[in-house]
Structure formats: structure tokens, C-alpha cells
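Mapping the sequence shown onto the working numbering, position 2 (from 1) lands on 3, and the numbers just tick up by one. Positions of the beta carbon are idealized from the N, C-alpha and C atoms, including for glycine. Remember, it's a predicted structure, so these values are computed and weren't measured experimentally. Some notes on the structure that comes next.
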Amino acid sequence: MAYYKDINFLDFNTGSAFDAVNALSPGDRAEYAGIYRCTGCGHEIAIAKGHIMPPQNHHSHGLLNGPILWQLIVAAKH
Ligand SMILES: [Zn+2]
């Protein structure tokens with residue numbers, strides 16, 4: 002889970018980009034800069050807008066983790 006110190010620097014947002022159903026697959030282009038969380042294991046990464054999500058071999062999953070899918074959890078505004 003991502004950390005923060007000062008809540009004043011974060012705004013709540015209900016945008017669909019944060020929904021797990023819109024999680025990105027390895028190799029997808031990130032539409033938003035920010036922090037993404039693997040829905041299978043909780044691993045987190047930060048990525049710039051327009052960059053490519055890490056490949057399938059970025060980290061390993063056991064059988065119970067399912068596929069690597071990257072869910073946006075914190076988006077940078079600009
Ligand atoms: Zn994972």
C-alpha cells in the first residue's frame with residue numbers, strides 16, 4: 002500500500018481510471034502518470050504518462066495470484 006505524509010497533497014477522485022476493471026496489462030501504455038498496484042500481489046510501481054507498463058517477467062506470481070494487472074491507485078495531475 003502506498004504511503005503519504007500530508008493528506009493535503011492528495012485529492013479524492015472517483016474516476017473510472019482507478020477501477021480494477023480498467024487495470025493495465027504488461028506492455029500497455031500508461032495513460033496516466035502515477036502509482037500502479039498489481040491486482041494479483043500488491044506490488045507497486047511508479048510510471049510516467051505514456052510509458053510502457055513493465056513486461057510479464059517484471060515479477061513472478063504463484064498460481065493463486067493470477068495474471069499481472071496494473072491498477073492505478075494514485076494519479077499525478079500534471
Ligand atoms: Zn504481482
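If you reduce the DSSP assignment to three classes, tell me which class ALA21 lands in. helix
For CYS39, the residue or residues it bridges with in DSSP: TRP71
Less than 8 Å separating the Cβ of GLY51 from some heavy atom of ligand 1? no
Have a look at ALA34 and LEU65 and give me their C-alpha separation to the nearest angstrom. 29 Å
Look at LEU70 and GLY41 and say whether their C-beta atoms are less than 9 Å apart. yes
Is there at least one non-hydrogen atom of ligand 1 closer than 8 Å to the beta-carbon of ASN14? no
Identity of the residue in HIS62, HIS79 and ILE46 nearest PRO55 by Cα: ILE46
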